[in-house]
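**Student:** Mind having a look at this structure? Questions to follow.
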Amino acid sequence: MSIEAAELLEVFQWTSLDIEETKRDTQRMEDIKKELADVFIYAIEMAILLHLDVKKIVMAKLEQVRRKYPAELMRKNAKEESGSGADPKYWKIKNSTRRSKKP
1 MSIEAAELLE VFQWTSLDIE ETKRDTQRME DIKKELADVF IYAIEMAILL HLDVKKIVMA
61 KLEQVRRKYP AELMRKNAKE ESGSGADPKY WKIKNSTRRS KKP
């Protein structure tokens, strides 16, 4: 799977195209689709072999990310410099998450 992911990354190597320029580049988009499909195939095959519910594990991960990186602390606000990760509330959540991972 890592080889396929590396091949996907190669499509973007040495380029500074933004998303709109990338979408207009038909050859690049074809390459992205092919390599992304390879990554998906390996990931789905692994999930099948391990009897994992893909929807369930993706939703669990999104919930974990939502708790770890609350949108209101991560978004930049025009009135203040919040969203830079400098908010003390963010670090409290981050440190709590790190402590919960220790054996």
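All residue numbers for the sequence shown refer to full-length UniProt numbering, where the first residue is 1 and numbers rise by one.
All C-beta atoms in this analysis are idealised placements derived from N, C-alpha and C, irrespective of residue type, glycine included.
Every value quoted in this text rests on a predicted model; they were computed, and no experiment measured them.
Mind checking which residues open and close the alpha helix (DSSP H) that includes SER2?
**Tutor:** 2 to 12
**Student:** Smallest Cα separation from residue 105: which of ILE32, ILE19, LYS68 and ALA43?
**Tutor:** With the chain represented from 1 up to 103, any question about residue 105 goes unanswered, as that position is not in the structure.
**Student:** Can you list, in chain order, the residues of its chain whose CB lies under 6 angstroms from that of VAL54, leaving out five sequence neighbours each side?
**Tutor:** ALA47
**Student:** Looking at C-alpha atoms only, which residue of GLU4, ASP31, LEU52 and LYS94 is the closest neighbour of GLN64?
**Tutor:** For GLN64, the nearest C-alpha among the options comes from LYS94.
**Student:** Please name the residue, chosen from ALA60, MET29 and THR97, that lies closest to LEU17 on a Cα-to-Cα basis.
**Tutor:** MET29
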